[in-house]
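Residue numbers (full-length UniProt numbering), protein chains in the order written: chain A, 1 to 369; chain B, 1 to 369.
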């Protein structure tokens with residue numbers, strides 16, 4: 001299964017895999033796809049540097065990418081202390097009360113000194129980009145659309161392609177005008193930050209709008225070879241997958257404290273996700289849990305805007321992770337998680353996808369009248 | 001473009017088209033698809049009988065279908081008067097106030113004597129089935145899942161296939177166990193009653209669950225040949241389309257008072273729909289308008305359950321239709337409406353779809369590694 005994207009990125013299969021785990025990202029690249037490491041969880045940019053150093057040594061010289069979370073225009077931004085002061089006390093009370101009701105204990109004092117996921121902050125995302133530029137990614141992707149113009153320019157100076165996620169056709173048009181090289185058309189099925197338009201409608205719409213200028217990847221609901229071929233039928237040059245990798249052996253091994261998350265995702269059906277603003281302040285799809293249900297209750301407050309919501313729930317997320325209860329998780333995940341009931345190695349996922357895709361194309365050939 | 005569905009239904013292309021217009025339904029069947037007439041709008045079953053008589057004469061002997069709205073178990077049901085008494089006065093006040101604010105005038109006294117869409121009532125849906133059985137449909141479809149067992153039995157006695165719409169895999173499994181012959185896997189992108197799972201995920205999931213027993217149709221977001229091929233790639237035997245036909249010449253001609261609706265749909269983007277319970281009491285996707293926005297406002301009441309909500313808004317729908325204002329419409333429509341900017345004849349829609357589907361299959365053949 002080859003498309004123009006393969007030549008463009010120097011990869012074997014038109015499969016781009018986003019993941020917060022450097023072990024998964026490297027395995028995707030080694031298996032012939034493009035592994036894209038999510039930087040947002042690295043509060044200390046030095047940790048991202050270490051992860052990319054490791055990937056440089058563990059990808060057999062194959063290309064990989066880095067994903068940052070960066071609005072095009074830098075927001076007004078104070079220190080963590082300034083920002084935390086903007087979180088209403090009633091919101092803090094709701095979080096504390098909810099965690100208590102869900103049986104999530106406080107953290108040990110030694111671990112209670114972090115500040116949530118700082119990657120949502122523009123200054124931290126900037127540091128992530130600088131670290132990425134010091135390595136050899138083939139691609140820098142931005143979850144929030146076009147990165148700032150100078151980031152695009154610096155990437156292009158180094159021969160690095162820039163990708164952006166788009167949930168609406170007007171966003172895709174603007175990204176291409178801004179100089180983005182690859183548009184990821186992300187349907188509502190996707191995990192994490194996601195819009196309302198389903199892949200079946202969004203993907204061909206974005207292809208028709210910008211596909212003559214840039215390759216378009218299909219994202220949202222992709223986890224099998226049939227779905228890869230469906231995306232290609234809709235005009236994509238390849239696919240961008242995220243949730244599928246959460247249920248791989250490398251993810252379970254490489255991300256500590258994910259036992260409860262794995263269990264929650266394995267037992268979830270495709271109906272067990274919900275879109276809400278409770279994770280970061282922007283709409284994101286999460287696996288349903290007692291935590292997401294608490295935020296959907298009539299007495300729950302409205303979530304705060306980005307980046308305040310993540311400052312509000314950052315400690316809660318760490319407490320939830322430490323409690324390791326499959327019924328109480330705070331985890332972005334797409335509807336595709338309903339299709340997986342056991343952990344597989346990354347290489348097997350890609351091998352099966354490509355084989356199924358080839359078989360699907362053969363099957364379709366018999367339908368011509 | 002042929003699949004096993006074509007042989008099963010005696011049609012040329014694997015395209016099933018749902019529409020409330022007998023003119024559109026007949027045109028779909030004449031063009032080689034299967035036109036399925038929505039019965040729910042026929043308050044007087046004799047009007048449905050007349051429409052089916054007309055279709056018998058205007059489909060060149062080709063097969064067609066009928067779609068009813070019928071829960072498997074008959075709900076407790078009083079007279080219209082009894083039911084209307086259950087509508088809270090505050091809800092009536094909200095509707096009246098909203099229509100006033102939106103500039104929607106009362107109906108002339110002569111037209112102010114109807115009772116909303118009665119097809120939501122089980123007794124009326126039963127009458128629709130009886131009328132259908134007196135004609136020669138190849139298919140009876142039910143928007144609310146499995147029809148009652150005796151309806152399935154009567155249809156089978158007459159050689160009529162029974163189809164049901166499913167928005168979740170557990171619904172599909174139950175339908176097949178109930179004796180349904182064709183499952184329509186309807187993704188969240190669809191117009192009208194629809195679930196939360198996107199077509200990209202739902203369709204292969206339902207195919208894997210029941211596709212070895214019955215043909216599965218892909219619905220939700222289908223309006224082009226590429227989307228038809230995507231559905232086939234995902235394992236469907238064909239597609240079920242609804243919203244696409246709302247923007248055909250036959251619909252505009254055959255459904256009086258639809259000028260404002262056509263204008264509203266033509267100007268809508270794929271982002272201009274919303275899922276809400278305001279149309280019937282069950283979740284349905286509608287085109288966004290000042291009417292849907294009013295129901296989303298903080299002061300709006302929660303919609304009533306089916307069938308009360310439609311009794312509440314039935315007169316409002318007629319007033320809105322009479323006012324003929326493209327900014328104030330109450331119209332079920334799927335996300336695919338964003339792709340159409342002019343009215344086309346039904347035959348052209350189908351011809352273009354099939355040609356694009358054939359071209360897409362050819363294109364996919366070149367991607368094999």
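C-beta atoms are modelled at their ideal positions from N, C-alpha and C, and glycine is treated no differently.
query, result
"Just mark residue 61 of chain A as buried or exposed, buried being the case when its beta carbon has 16 or more other beta carbons within 10 Å.", "exposed"
"Would a C-beta distance cut-off of 8 angstroms place residue 190 of chain B and residue 220 of chain B closer than the cut-off?", "yes"
"Locate the beta strand (DSSP E) running through residue 261 of chain A, then write down its first and last residues.", "Careful: residue 261 of chain A lies outside any beta strand (DSSP E), inside the alpha helix (DSSP H) at 259-267."
"State the Cα-Cα distance for the pair residue 136 of chain B and residue 183 of chain B, rounded to the nearest angstrom.", "21 angstroms"
"Beta carbons nearer than 8 angstroms to chain B: which residues of the segment 156-169 of chain A have them?", "168, 169"
"Just how far apart, CA to CA, sit residue 265 of chain B and residue 48 of chain B?", "26 angstroms"
"What are the residues in the segment 263-295 of chain B lying within 7 angstroms of chain A by C-beta distance?", "270, 271"
"Could you tell me whether any non-hydrogen atom of the ligand GDP is closer than 7 angstroms to the CB of residue 365 of chain B?", "As presented, the structure is devoid of all ligands, the ligand GDP included, so that no description of it is given."
"Quick one: measure Cβ to Cβ for residue 36 of chain B and residue 139 of chain B, integer angstroms, because I've assumed they're closer than 8 angstroms.", "7 angstroms"
"What are the residues in the segment 194-217 of chain B lying within 9 angstroms of chain A by C-beta distance?", "195, 196, 197, 198, 199, 200, 201, 202, 203, 204, 205, 207, 208"
"Mind pulling the chain A residues with CB within less than 7 angstroms of residue 233 of chain B?", "226, 229, 230, 233, 360, 364"
"Counting C-beta neighbours from all protein chains within 10 Å, is the total for residue 270 of chain A 16 or more, i.e. buried, or is it exposed?", "buried"
"Measuring alpha carbon to alpha carbon, tell me which residue in B:259, B:278, B:316 is nearest residue 342 of chain B.", "B:259"
"So, do the segment 304-321 of chain A and the segment 96-111 of chain A have three or more beta carbon pairs nearer to each other than 8 angstroms?", "yes"
"Measure from the C-beta of residue 350 of chain B to each C-beta in chain A and report whether the shortest distance is under 8 angstroms.", "no"
"Measuring only the C-alpha atoms, how far is residue 228 of chain A from residue 213 of chain A?", "21 angstroms"
"Mind checking residue 181 of chain A: buried by the 16 CB within 10 Å criterion, or exposed?", "buried"
"Kindly identify the DSSP beta-bridge partner or partners of residue 140 of chain A.", "A:66, A:162"
"Does the beta-carbon distance from residue 17 of chain B to residue 28 of chain B come in below 8 angstroms?", "yes"
"According to DSSP, is residue 122 of chain A part of a helix, a strand, or is it coil?", "helix"
"Look up residue 186 of chain A in the DSSP assignment and give the residues it is bridged to.", "A:219"
"For a cutoff of 8 angstroms on Cβ pairs, would you count residue 70 of chain B as touching chain A?", "no"
"Counting beta carbon pairs with one atom in the segment 248-257 of chain A and one in the segment 8-27 of chain A, are three or more of them shorter than 8 angstroms?", "yes"
"Just the chain A side, please: which residues come within less than 8 angstroms of residue 3 of chain B by C-beta, in chain order?", "367"
"Counting only Cβ pairs nearer than 7 angstroms, list the residues of chain A close to residue 335 of chain B.", "197, 198, 201"
"What are the boundary residues of the beta strand (DSSP E) that includes residue 275 of chain B?", "273-276"
"By DSSP, does residue 19 of chain B sit in helix, in strand, or in coil?", "strand"
"Beta-carbon separation of residue 365 of chain B and residue 239 of chain A under 8 angstroms?", "no"
"How many angstroms separate the CA atom of residue 187 of chain A from the CA atom of residue 327 of chain B?", "27 angstroms"
"So who's on the other strand from residue 193 of chain B, going by DSSP bridges?", "B:284"
"Taking 6 angstroms as the limit between beta carbons, can you name the residues of its chain near residue 284 of chain A, skipping five residues before and five after?", "192, 193, 332"
"Find the residues of chain A that neighbour residue 188 of chain B, judging by a C-beta separation of less than 8 angstroms, and give them in chain order.", "188, 198"
"Taking Cβ positions only, does residue 15 of chain B come closer than 8 angstroms to chain A?", "no"
"Relative to the C-alpha of residue 348 of chain B, which candidate in B:282, B:292, B:245 has its C-alpha closest?", "B:245"
"Check this for me: beta carbons of residue 232 of chain B and residue 292 of chain A, under 8 angstroms apart or not?", "no"
"Would you kindly check if the distance between the Cβ of residue 304 of chain A and the Cβ of residue 91 of chain A is under 8 angstroms?", "yes"
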